[in-house]
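Protein chains in written order, with the numbering used here: chain G, 1 to 383; chain V, 1001 to 1599.
By construction, the Cβ of each residue, glycine as well, lies at the ideal position given by its N, Cα and C atoms.
Data first, discussion second: the structure below is written as structure tokens.
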């Protein structure tokens, strides 16, 4: 069995446009005045046919429309893409088809169309539950509007998730606890709760460097917020199954599990990355970052791919551990050692002695104590 | 060959910043010794470090031709002397080569401690001394008060001081006239056998060893077979020149003259400063008295930041030793820092100069361990051992008592800051020897342990007096005291490179400061790390570095795998800059910064 089958097989489509650029976001997103959706459609379809030819006979476990803001896509475009996907691959019975959506009334009006096209899960970018903070985060919606859109989504899709960001400016640990409780009161089956990360090259990054991004919680407060998050979600029956993701049992994001379980995934669209096993070798794939650049390349060269690189087995082991230890289920040690071609680092026992990891039925699992310092654990074991 | 009566040899005594190098530049410029276009600031300070720090490290000389008002042309030989206490031995030997000194005092400041030490050396060498008041153009100058200060503190007549501004050129012709009129001509006999003093020597990458000499009697010519009387070595003179300040070849040098020669000498160590040079065939009857060799008093370890640079460091140290016989080195290994060298220096400035040169001229990043002095260990079996490195301290059960070197420190300070200076000296276990006033300035003399001075005394002195104090010292011998070796333990592992010798009563505060500093310098680990200072088995100070609480990437999806993997690889490379102690990784900077003296 090829290693990727341990994680499954998914398709990621990147839609690079947003209404506005959020000051904290370092994703590949752009604001454009006019988008020719038909032109994008044919480019996506060209790419789907190309990669499908490479992966004939595989069962597809998931499709994910990410961005950017994919809820700006016309339902007809989503329909055309999913029709092509159904044409090209055998779909798993329980296939998950997710679309990331902004929680506004405009987008909500498209939800029916997405559902008709085959989308069965949406992930909504709430980010905060008070209007002042939403404005500070550069979001265009209000809390009220978001909740209305969420209700539409719940009526329309089988599964709905939303995102919140914590450790925001001026936020206290107690304020976050109350906000999270409010969120848990109306949450459906899944929540993504991210600590605000200041990334270089963003508006927040620039302000941080200039010293004008004031009143961010310090490291200790941010750590406390993380622990509050774990407690509250656990109590509400939405335990963390990954560092920042919480779900009722069985409602984990199947698409994201493919990444964390180190399966194969195809990345289509500007700046999309992929991991794809072909002829027994795992390839890292990448596409041009700029929307126009990608579009032109697909139209002119017939493919939207940059040169791919083969990932040596030992490096695959590193990636597998880096991704897999994020999950509460941990990683299969035998699988890791097979990729590495060597026994797992002896540093594991040091980490075990300190209570950061445990081994259970052949799996290496990061403990509740270890999860908040996962980067440190990875540094110890992998470097 | 110049008539003795038309030669004047002199040096300039001045405190740092009082304008010695600028005055030398003006003298060179006004006499047209160097063409205007070749003139650069501080002609005589040829090393970058000398120019940058405004200090002179090596003695240097320049020959100036001066047509005086009496219609005759004089040869003026200036031997430039280092102004810093570390190089006092260079000053004393340079003084023996000349007959007079210009005492340059900043008219806005008055006499400083180093000036005092140097001017006494000039007086010891029987110099005629001409006081020169510099910076007279500044509104803050107080020439009359400074003259009184010179008379009070130094005890020489200052009524005929020359008032100048080396910066604007004001009064420079008066200085030249005074050199001719007030300084004595040298004496000597050209018919006697050659007798010349070896004033200094240095290594030149093109010429090999260059020897600076002052001829007392006789004549030296190119091609002469000469002999060094102390070492007994004989050489043929390949090249004979004077410095203007660039080398100009000359046929011969007679009595009273100063110049340089080369003679295929391999190493500076082959030349003994103060040695007498004579002809091999027809030697002089009696050698000059010579000088005491200089001895290193301050020691520290120098280690390459990157262990791969060790061989480069070895080569660089060998090259520097070629030129500096006062700098000693031997190989050392440290559990913390790997291979390096234990080096001996004349003082802290000498240490800094050598370290700067290694880093800059040889491009090697260095870790410098805490400076230490030589302790005398009186063992129970009656023997006495020198301890250069606290890491080598033997088990205390074998040691009867420990002696440490003491210095006599002279500090000149405006009386506003006197209280702070006295407190500092008291805190450093000083014993007051003298306290006198000259106008609004005080002269404080203290008997201090050298180890308190090498740590950070000078920086503290500068900071408590806002830079207004000046400081000079000389070694006065060894004395017993209650000294202990203080170890630093990180996560219960001793870190040898951080061991220091301290006085028992100061150990707690020193240990606490060190632990606090390390707490900030060591990054948080996955576990909490105790940082302790200990004497023997007894912990005297302790800090705890808390464990890392949160370090996890919030978002990591399919598109992030490559980026995060690269980040890990970068961290792997960063680990090479860490030193491992048990389970703790200590960054290189921590060693450098924990031991930094200036804070």
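Answer with yes or no whether the minimum CB distance from residue 243/G to chain V is below 8 angstroms.
-> Output row for residue 243/G: interface = yes.
Proximal chain G residues relative to residue 1526/V, where beta-carbon distance stays under 8 angstroms | Listed by position along chain G, the residues whose Cβ is nearer than 8 angstroms to that of residue 1526/V are 351, 354, 356, 373, 376, 377, 380.
For residue 194/G, return the contacting residues in chain V, with the cut-off set at a CB-CB distance below 7 angstroms.
-> For residue 194/G, the neighbours in chain V by C-beta distance under 7 angstroms run, in chain order, 1554, 1555.
Verify whether the separation of the beta carbon atoms of residue 98/G and residue 18/G is less than 8 angstroms.
-> Contact: no.
From this set, 1211/V, 1201/V, 1246/V, which residue's C-alpha is nearest residue 1324/V's C-alpha?
-> Ranking 1211/V, 1201/V, 1246/V by Cα distance to residue 1324/V puts 1201/V first.
Hey, could you find the ends of the beta strand (DSSP E) residue 1076/V is sitting in?
-> If you look at residue 1076/V, you'll find it in the beta strand (DSSP E) that goes 1073-1080.
List the whole-angstrom C-beta distance separating residue 1510/V from residue 1486/V, where the pair is believed to meet the contact cut-off of C-beta under 8 angstroms.
-> About 7 angstroms separates the two Cβ atoms, so the contact holds.
Spell out whether any CB of chain V is found under 8 angstroms from the CB atom of residue 220/G.
-> With 8 angstroms as the cut-off, residue 220/G counts as an interface residue toward chain V.
Could you tell me which of 1579/V, 1559/V, 1192/V sits nearest to residue 319/G, measuring between CA atoms?
-> In this structure, 1559/V is the residue among 1579/V, 1559/V, 1192/V with its C-alpha nearest to the C-alpha of residue 319/G.
Minimum Cβ-Cβ distance from residue 1579/V to chain G less than 8 angstroms = Cβ-Cβ to chain G under 8 angstroms: no for residue 1579/V.
Rounded C-beta distance between residue 1166/V and residue 1134/V? I'm assuming under 8 angstroms.
-> Taking C-beta atoms under 8 angstroms as the contact rule, residue 1166/V and residue 1134/V qualify, at a distance of about 5 angstroms.
Check distances from the C-beta atoms of the segment 261-273 of chain G to those of chain V and list, in chain order, the residues that come in under 9 angstroms.
-> Cβ contacts with chain V: 262, 265, 267, 271, 272, 273.
Under the DSSP definition of a beta bridge, which residues are partnered with residue 1227/V?
-> Answer is 1234/V, 1278/V.
Could you check the C-alpha separation between residue 1156/V and residue 1122/V for me, to the nearest Å?
-> When rounded, the distance between both Cα atoms is 12 angstroms.
Count the other CB atoms, across all protein chains shown, that sit within 10 Å of the CB of residue 1294/V; report buried if there are 16 or more and exposed otherwise.
-> With 16 or more other Cβ atoms within 10 Å, it is buried.
Whole-angstrom Cβ separation of residue 1259/V and residue 1217/V, contact assumed at under 8 angstroms?
-> Not quite, the Cβ-Cβ distance comes to about 15 angstroms (not below 8 angstroms), so this is no contact.
Can the beta-carbon of residue 1010/V be found less than 8 angstroms from the beta-carbon of residue 1183/V?
-> Going by C-beta atoms, residue 1010/V is nearer than 8 angstroms to residue 1183/V.
May I ask you to report which of helix, strand or coil DSSP gives residue 89/G?
-> Here residue 89/G sits in coil by DSSP.
Opposing strand residues paired with residue 285/G [DSSP bridges] = Per DSSP, the beta-bridge partners of residue 285/G are 274/G.
What are the complete alpha helix (DSSP H) segments, minimum 4 residues, inside the segment 315-374 of chain G?
-> Runs of the alpha helix (DSSP H) inside the segment 315-374 of chain G: 333-340, 347-353.
Just curious, the beta strand (DSSP E) that residue 9/G is in, first and last residue?
-> Counted as a single uninterrupted DSSP element, the beta strand (DSSP E) harbouring residue 9/G occupies residues 9-15.
Cross-chain neighbours of residue 326/G in chain V, by beta carbon under 8 angstroms = Per Cβ cutoff of 8 angstroms: 1556.
Does the Cβ of residue 1534/V have 16 or more other Cβ atoms within 10 Å, making it buried, or fewer, making it exposed?
-> Buried, since its Cβ has 16 or more Cβ neighbours within 10 Å.
Select from 117/G, 116/G, 142/G the residue whose C-alpha is nearest the C-alpha of residue 395/G.
-> The structure shown does not extend to residue 395/G, since chain G spans only 1 to 383, so no value can be given for it.
List the residues of chain G whose Cβ lies closer than 9 angstroms to the Cβ of residue 1568/V, in chain order.
-> Result: 318, 322, 375, 378, 379, 382, 383.
Which class does residue 1460/V belong to by DSSP, given the choice of helix, strand or coil?
-> Note: residue 1460/V maps to helix in three-state DSSP.
In chain order, what residues of the same chain have a beta carbon less than 6 angstroms from the beta carbon of residue 1585/V, not counting five sequence neighbours either side?
-> Its chain contains 1578 as the residues whose beta carbon lies nearer than 6 angstroms to that of residue 1585/V, once the 5 sequence neighbours on both sides are disregarded; these appear in chain order.
Is any beta-carbon of chain G found at less than 8 angstroms from that of residue 1582/V?
-> Interface annotation, residue 1582/V: not in contact with chain G, CB-CB separation never under 8 angstroms.
How many whole angstroms separate the CB atoms of residue 1429/V and residue 1405/V, which I take to be in contact at a CB cut-off of 8 angstroms?
-> Actually they are not in contact, since the Cβ atoms of residue 1429/V and residue 1405/V sit about 13 angstroms apart, beyond 8 angstroms.
For the segment 281-306 of chain G, which residues have a beta carbon sitting closer than 7 angstroms to at least one beta carbon of chain V?
-> Per Cβ criterion, the list reads 284.
Looking only at its own chain, which residues have a Cβ that is under 6 angstroms from the Cβ of residue 184/G, when we skip the five neighbours before and after it?
-> So the qualifying residues of the chain are 236.
Consider the Cβ of residue 308/G: report whether some Cβ of chain V lies at a distance smaller than 8 angstroms.
-> No, because no Cβ of chain V sits closer than 8 angstroms to the Cβ of residue 308/G.
Can you find a CB in chain G that lies within less than 8 angstroms of the CB of residue 1271/V?
-> Not one chain G Cβ lies under 8 angstroms of residue 1271/V.
When the distance is taken between beta carbons, is residue 1320/V closer than 8 angstroms to residue 1277/V?
-> Contact check for residue 1277/V against residue 1320/V fails: the beta carbons are separated by 8 angstroms or more.
Is the CB of residue 256/G under 8 angstroms away from at least one CB in chain V?
-> Yes, its Cβ sits closer than 8 angstroms to a Cβ of chain V.
One or two residues paired with residue 1473/V in a DSSP bridge = DSSP lists 1409/V as the bridge partner or partners of residue 1473/V.
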